[in-house]
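Numbering (our numbering), first residue to last: 1129 to 1492. All C-beta atoms, glycine included, are put in the ideal place defined by N, C-alpha and C. Below you'll find the structure, written out as structure tokens, and then a few comments.
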């Protein structure tokens, strides 16, 4: 799996560390000492490239060593102050150390693997066909492009609640082999939870997106923003608004996402590899700039047959008995006969209930 840098150059050059600078200054001082003493360098050492090794034997006075140490410390401190990390606390700088050697970049080995992922998604979520078809073509285009890693355009899944949009996205992440982040827009009053908050605010913290990258050290997580049209916004005393949809715009635009600046750490990240899956119940409530970056894919509720097939597949995965699975399918059928439209959430709750009952200890 390839690794790529995901931030702007923030780590000082190892050659400019205090110890490296001190070593070079010491070597230079020894060369000057050789000239000062008029020492003759053996020809065979110069020819064999062992001159530096020979010069290391020249002793430097204590005063010279101390002067070199002070100068190396001053130079290293100046280099350190120029790094964006100098603004961070020690524990925050330690978190960034995991990015020093880059982050993992996930790629599909072939178009055949893209076909397999799409087939698996369609088998598990046949009612999500339009979304699965879009992701299938996106996966194949990414492989055909020859990019170093998987790159997919953002998606907006528009459909009724409870049809499994978030579950479909999490399954996509599992099939690709990357971590996922589920962001419930209804529980956040602004963009702070996802992208972070500038220092200076009383509750300033980094966002969950950056935290995920720092923790999992991967460039291509699947980020799901659920019910994005219901996100709130915060307003500062100066009248500035902080809306989730506004914060998403630069992250959904490919060019700006590649140099997205984290408001908390004030460090530029390459978020161009992040796989975005947004969901909504009514796309007409979303602003046009968001829709232009993320065209909506209309989805419909699963049919009764879809729900029964899902219940049997999920029940088998949970190792439920045939009697328990049949009971869930009977409940789905009875609800449809009574004129009720069961949804995926209801089916999952029934499966949870059946699993809980089967796992109960037997009373004596």
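Three-state class that DSSP yields for residue 1422 in the structure shown: In the chain shown, residue 1422 corresponds to position 294, counting from 1. Residue 1422 falls in the coil class under three-state DSSP.
Residues bridged to residue 1283 (per DSSP): Within the chain shown, residue 1283 is the residue found at index 155, counting from 1. DSSP, once it has assigned bridges, lists 1405 as partnering residue 1283.
Buried versus exposed, by CB contacts within 10 Å (16 or more), residue 1255: Position 127 of the chain shown holds residue 1255. By the 10 Å Cβ count, residue 1255 comes out buried.
Pairwise C-alpha distance: residue 1377 and residue 1177: Here the question's residue 1177 lines up with position 49 in the chain shown. Here the question's residue 1377 lines up with position 249 in the chain shown. The predicted model places residue 1177 with a pLDDT of 49, which falls under 50 and marks its position as unreliable, so this point remains unresolved.
Reference residue 1315; option with closest CA among 1340, 1238, 1309, 1355: Counting from 1 along the chain shown, the entry for residue 1315 is found at position 187. Measuring from the Cα of residue 1315, the nearest candidate turns out to be 1355.
C-alpha gap between residue 1214 and residue 1208, whole angstroms: Here residue 1214 refers to the residue found at position 86 of the chain shown. Here residue 1208 refers to the residue found at position 80 of the chain shown. So the alpha carbons of these two residues sit roughly 6 Å apart.
Where residue 1176 falls: helix, strand or coil (DSSP): Residue mapping note: residue 1176 aligns to position 48 of the chain shown, counting from 1. Because residue 1176 carries a pLDDT of 47, less than 50, the predicted location of this residue cannot be relied on, and the following value inherits that uncertainty. Coil.
CB of residue 1133 within 8 Å of CB of residue 1394, strictly: Translated into positions along the chain shown, residue 1133 becomes position 5. Translated into positions along the chain shown, residue 1394 becomes position 266. Cβ distance not < 8 Å, so residue 1133 and residue 1394 don't count as in contact.
Cα-Cα separation, residue 1386 to residue 1437: Indexing the chain shown from 1 puts residue 1386 at position 258. Indexing the chain shown from 1 puts residue 1437 at position 309. In a straight line, the C-alpha of residue 1386 is about 41 Å away from that of residue 1437.
Cβ contact check for the stretch 1422-1436 and the stretch 1298-1308: 3 or more pairs under 8 Å: no
Limits of the unbroken beta strand (DSSP E) element including residue 1311: Walking along the chain shown from the start, residue 1311 turns up at place 183. It spans 1308-1312 - the beta strand (DSSP E) in which residue 1311 sits, taken as one unbroken run.
Residue closest to residue 1407, alpha-carbon to alpha-carbon, out of 1325, 1311, 1232, 1460: Taking the first residue of the chain shown as 1, we reach residue 1407 at position 279. For the residues 1325, 1311, 1232, 1460, the minimum Cα distance to residue 1407 belongs to 1311.
The stretch 1431-1450 in contact with the stretch 1241-1255 per 3-pair CB rule at 8 Å: yes
Where residue 1393 falls: helix, strand or coil (DSSP): For this step, residue 1393 is matched to residue 265 along the chain shown. It is coil, neither helix nor strand.
Which of helix, strand or coil DSSP assigns to residue 1458: Indexing the chain shown from 1 puts residue 1458 at position 330. Helix, per DSSP.
Within 8 Å, strictly: CB atoms of residue 1324 and residue 1392: Counted from its first residue, the chain shown places residue 1324 at position 196. Counted from its first residue, the chain shown places residue 1392 at position 264. Yes, they are a contact pair.
Straight-line Cα distance separating residue 1334 from residue 1320: In the chain shown, residue 1320 corresponds to position 192, counting from 1. In the chain shown, residue 1334 corresponds to position 206, counting from 1. When rounded, the distance between both Cα atoms is 8 Å.
Residue 1352 - partner residues in DSSP beta bridges: Against the chain shown, residue 1352 aligns to sequence position 224. BP columns for residue 1352 point to 1310, 1405.
Contact belief for residue 1337 with residue 1278 at Cβ below 8 Å, rounded distance in angstroms: In the chain shown, the residue the question calls residue 1337 occupies position 209. In the chain shown, the residue the question calls residue 1278 occupies position 150. The pair is not a contact, with the Cβ atoms about 17 Å apart (cut-off 8 Å).
At least 3 beta-carbon pairs within less than 8 Å: the stretch 1340-1356 vs the stretch 1223-1239: yes
Buried or exposed (CB count within 10 angstroms, at least 16 for buried), residue 1270: Sequence index remark: in the chain shown, residue 1270 carries index 142 (1-based). The residue is buried, with at least 16 neighbouring Cβ atoms inside 10 Å.
Close beta carbons around residue 1449, own chain, < 7 Å, minus the five adjacent residues each side: Here residue 1449 corresponds to residue number 321 of the chain shown, with the count starting at 1. The residues are 1486.
Of the listed residues 1196, 1160, 1388, nearest to residue 1150 (C-alpha basis): Translated into positions along the chain shown, residue 1150 becomes position 22. Residue 1196 is the option with its Cα nearest to residue 1150.
Touch test, the stretch 1445-1463 against the stretch 1275-1290, Cβ-Cβ under 8 Å, three pairs minimum: no
Cβ-based burial, residue 1465 [other Cβ within 10 Å; buried from 16]: Taking the chain shown and counting its residues from 1, the one referred to as residue 1465 is at position 337. With fewer than 16 Cβ atoms within 10 Å of its Cβ, residue 1465 is classed as exposed.
For residue 1129, the three-state DSSP class (helix, strand or coil): Translated into positions along the chain shown, residue 1129 becomes position 1. It is coil, neither helix nor strand.
Continuous alpha helix (DSSP H) stretch holding residue 1271: start and end: Reading the chain shown from its first residue, position 143 is the one you call residue 1271. Counting along the chain, the alpha helix (DSSP H) containing residue 1271 begins and ends at 1257-1273.
Simplified DSSP state of residue 1346, which is helix, strand or coil: Locating residue 1346 in the chain shown gives position 218, where the first residue counts as 1. It is a strand residue.
Unbroken alpha helix (DSSP H) run spanning residue 1240, endpoints: Within the chain shown, numbered from 1, the residue matching residue 1240 stands at position 112. Per DSSP, residue 1240 belongs to the alpha helix (DSSP H) from 1239-1252.
Simplified DSSP assignment, three categories, for residue 1231: For the purposes of this step, residue 1231 is taken as the residue at position 103 of the chain shown. Looking at residue 1231 - three-state DSSP - the assignment turns out to be strand.
Same chain only: Cβ atoms within 8 Å of residue 1275, ignoring 5 sequence neighbours per side: Working through the chain shown from its first residue, we reach residue 1275 at position 147. Hits under 8 Å: 1235.
Beta carbon of residue 1483 nearer than 8 Å to that of residue 1413: Position 355 of the chain shown, counted from the first residue, corresponds to residue 1483. Position 285 of the chain shown, counted from the first residue, corresponds to residue 1413. No.
Residues near residue 1463 by beta carbon distance below 7 Å, same chain, minus five either side: By 1-based counting over the chain shown, the position of residue 1463 is 335. Closer than 7 Å at Cβ, skipping near neighbours: 1470.
Between the CA atoms of residue 1130 and residue 1341 - distance to the nearest angstrom: Taking the chain shown and counting its residues from 1, one reaches residue 1341 at position 213. Taking the chain shown and counting its residues from 1, one reaches residue 1130 at position 2. Going by the C-alpha atoms only, they are around 16 Å apart.
Where residue 1324 falls: helix, strand or coil (DSSP): Numbered from 1 along the chain shown, position 196 holds the residue referred to as residue 1324. Correct three-state label for residue 1324: strand.
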